[in-house]
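Here's the structure, in structure tokens; my notes come after.
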Amino acid sequence: MVQQLNFEQGPIRPPNEAKSLLLRITRNCPWNQCMFCPVYKGRKFSLREVQEIKDDIKTAREIYDSIKEVSFRLGYGGEINSQVITTLFNEPGRSESFRSMAMWMYYGTNACFLQDADNLIMKTDELVVVLEYLRANFPEITRITTYSRSRTIARKSVEELVKIRKAGLNRIHVGLETGYDPLLKLIKKGVTSDQQVEAGQKVIAAGMELSEYVMPGLGGQEMWKEHAEVTAKVLNRINPHFIRLRSLRIPARVPLIEKVRSGEFIKQTDDGIAEEIRLFIATLENITSTLTSDHIMNLLEDVNGTFPQGKQKMLDVIKGYQDMPDHERMIYRVGRRGGAYRSITDVYTDPVTRNRIENMISEIRRQEGESGLEQTISDMVDQYI
1105 MVQQLNFEQG PIRPPNEAKS LLLRITRNCP WNQCMFCPVY KGRKFSLREV
1155 QEIKDDIKTA REIYDSIKEV SFRLGYGGEI NSQVITTLFN EPGRSESFRS
1205 MAMWMYYGTN ACFLQDADNL IMKTDELVVV LEYLRANFPE ITRITTYSRS
1255 RTIARKSVEE LVKIRKAGLN RIHVGLETGY DPLLKLIKKG VTSDQQVEAG
1305 QKVIAAGMEL SEYVMPGLGG QEMWKEHAEV TAKVLNRINP HFIRLRSLRI
1355 PARVPLIEKV RSGEFIKQTD DGIAEEIRLF IATLENITST LTSDHIMNLL
1405 EDVNGTFPQG KQKMLDVIKG YQDMPDHERM IYRVGRRGGA YRSITDVYTD
1455 PVTRNRIENM ISEIRRQEGE SGLEQTISDM VDQYI
């Protein structure tokens, strides 16, 4: 029987950290009141002891070294290739931690993402100890990133953030969601736009990369315009390295669903979200951020680029969607939500898939009508939550 070695990992990470080593530093979310978030509801936040985290890092290193030994035993000189992965995964009794480490070594990203929702809530000196221990045990790691909340970051001094950066933390992911204060209050984000700006500016002043997440659709049909314009103006004041779009979805398990059911919150349409993103991008000025739409829940994945030079290209992609005839926009929406399309040009370059989607649309309309078609599209998106 293979020796079982495990280190703790949390439930989520950003999509762009899919190939990073995942290590859990805190458990769950200390705020956990956001109306739109399904992730940590019903789970209690807790800080992990520094020694406990160090023990996990030590275990992770032991797993790393044992995987290297397997590669040498198979004659690959420490290389983690597909043959090594196949051999490892076919051996009974391997833990999930073992498999996770093996895949990280296979991808070779040399990146590490620290979980869960708000690791900067740790005392600065304790976080520094953890980061230094991680760097000492994994000199292969060249990038360490984490989630944190703007309100938590704002409570740190720039000097503290510099210490954290020097200890090894390169990038912070922050869920800005919106910069519009009435909407921040509605969704119970627990932060103000001024705190978001203060936090973002501190991260950048400390020399770390900053990735801010924006949530198209969060303003519903009532506050969409203010959401788009004011959020862009907040980001203009921060000028983060990255702006990442994460469109709102409202599964039955999030608190916001009650406002939908009562009629207080009316969900934005796909076409409405496209116009919202257009206004948002148009209002972004005097920044050098890179904007990405790197999530399957987003309608227009190819809205991406770096400001200022990429701004017009992003606006052109949105205009291309808006200028499509109604029936072709519907084909794209169904294809995109079903995972078949990544760009609006796919509608015109893959006739086999297009024909299949058109037949599906016709059948759903025949059986369930237009409302049934919209519900089907919504259900297809929600499967990715």
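With this note's numbering as the guide, the letters of the sequence shown map in order to residues 1105 to 1489. For each residue, glycine too, the CB sits at the ideal point set by N, CA and C.
Rounded C-alpha distance that separates residue i from residue j
i            : j            : result
residue 1323 : residue 1397 : 18 Å
residue 1132 : residue 1114 : 8 Å
residue 1140 : residue 1272 : 32 Å
residue 1359 : residue 1365 : 11 Å
residue 1214 : residue 1146 : 34 Å
residue 1091 : residue 1277 : Given that the chain is displayed from residue 1105 to residue 1489, the structure contains no residue 1091 and the question cannot be resolved.
residue 1476 : residue 1279 : 33 Å
residue 1233 : residue 1295 : 28 Å
residue 1210 : residue 1445 : 28 Å
residue 1258 : residue 1342 : 13 Å
residue 1416 : residue 1205 : 41 Å
residue 1478 : residue 1332 : 24 Å
residue 1427 : residue 1414 : 20 Å
residue 1439 : residue 1481 : 9 Å
residue 1185 : residue 1172 : 11 Å
residue 1179 : residue 1202 : 20 Å
residue 1390 : residue 1379 : 21 Å
residue 1239 : residue 1469 : 57 Å
residue 1393 : residue 1312 : 14 Å
residue 1325 : residue 1372 : 5 Å
residue 1207 : residue 1125 : 9 Å
residue 1466 : residue 1353 : 25 Å
residue 1328 : residue 1434 : 22 Å
residue 1270 : residue 1429 : 53 Å
residue 1127 : residue 1231 : 13 Å
residue 1474 : residue 1116 : 35 Å
residue 1129 : residue 1252 : 12 Å
residue 1340 : residue 1330 : 15 Å
residue 1170 : residue 1144 : 33 Å
Nonlocal neighbours in the same chain, by C-beta distance under 6 Å from residue i, ignoring five residues either side
i            : result
residue 1264 : 1228
residue 1158 : 1237
residue 1424 : 1448
residue 1453 : none
residue 1266 : 1310
residue 1123 : 1211 and 1213
Cβ-based burial, residue i [other Cβ within 10 Å; buried from 16]
i            : result
residue 1431 : exposed
residue 1456 : exposed
residue 1374 : buried
residue 1436 : buried
residue 1219 : buried
residue 1088 : Residue 1088 lies beyond the range of the chain shown here (1105 to 1489); nothing can be said about it.
residue 1471 : exposed
residue 1412 : exposed
residue 1121 : buried
residue 1370 : exposed
residue 1304 : buried
residue 1261 : exposed
residue 1152 : buried
residue 1255 : buried
Sequence-distant residues of its chain with Cβ nearer than 8 Å to residue i (five each side left out)
i            : result
residue 1183 : 1175
residue 1418 : 1385, 1395, 1407, 1408 and 1409
residue 1291 : 1138, 1139, 1140, 1281, 1282, 1322 and 1360
residue 1338 : 1280, 1283, 1297, 1300 and 1301
residue 1382 : 1419, 1422, 1423 and 1426
Residues of its chain near residue i, where Cβ-Cβ distance is below 7 Å and the 5 sequence neighbours each way are ignored
i            : result
residue 1484 : 1441 and 1442
residue 1377 : 1320, 1321, 1351 and 1403
residue 1241 : 1161, 1162 and 1165
residue 1134 : 1149, 1222 and 1225
residue 1199 : 1108, 1109 and 1110
residue 1119 : 1398 and 1399
residue 1307 : 1257, 1265, 1276 and 1314
residue 1336 : 1384, 1387 and 1388
residue 1167 : 1109, 1201, 1202 and 1205
residue 1112 : 1128 and 1160
Minimum Cβ-Cβ distance from residue i to chain E less than 8 Å
i            : result
residue 1309 : In the structure shown, chain E does not exist; there is a single protein chain.
Q | Contact the region 1282-1299 vs the region 1233-1246: 3+ CB pairs below 8 Å | A | no
Q: Just list the beta strand (DSSP E) runs in the region 1108-1138, keeping only unbroken ones of 3 residues or longer that don't cross its boundaries, in chain order.
A: 1125-1128
Q.
Please give me, in chain order, every unbroken run of the alpha helix (DSSP H) with length at least 4 that falls completely inside the region 1362-1402.
A. 1374-1387
Q | 4 or more residues per run - each alpha helix (DSSP H) lying fully within the region 1242-1299 | A | 1254-1258, 1262-1271 and 1285-1290
Q: State whether the region 1341-1352 contacts the region 1397-1409, with contact taken as three or more CB pairs (one from each stretch) at a distance under 8 Å.
A: yes
**Q.** Segment contact, 8 Å Cβ cut-off, at least three pairs: the region 1302-1317 with the region 1361-1379
**A.** no
(Q) Tell me whether the region 1217-1225 and the region 1183-1194 touch, counting them as touching only if at least three CB pairs, one residue from each stretch, are closer than 8 Å. (A) no
Q) Along the chain, which unbroken stretches of the alpha helix (DSSP H) at least 4 residues long are found entirely within the region 1144-1218? A) 1154-1177, 1186-1194 and 1200-1211
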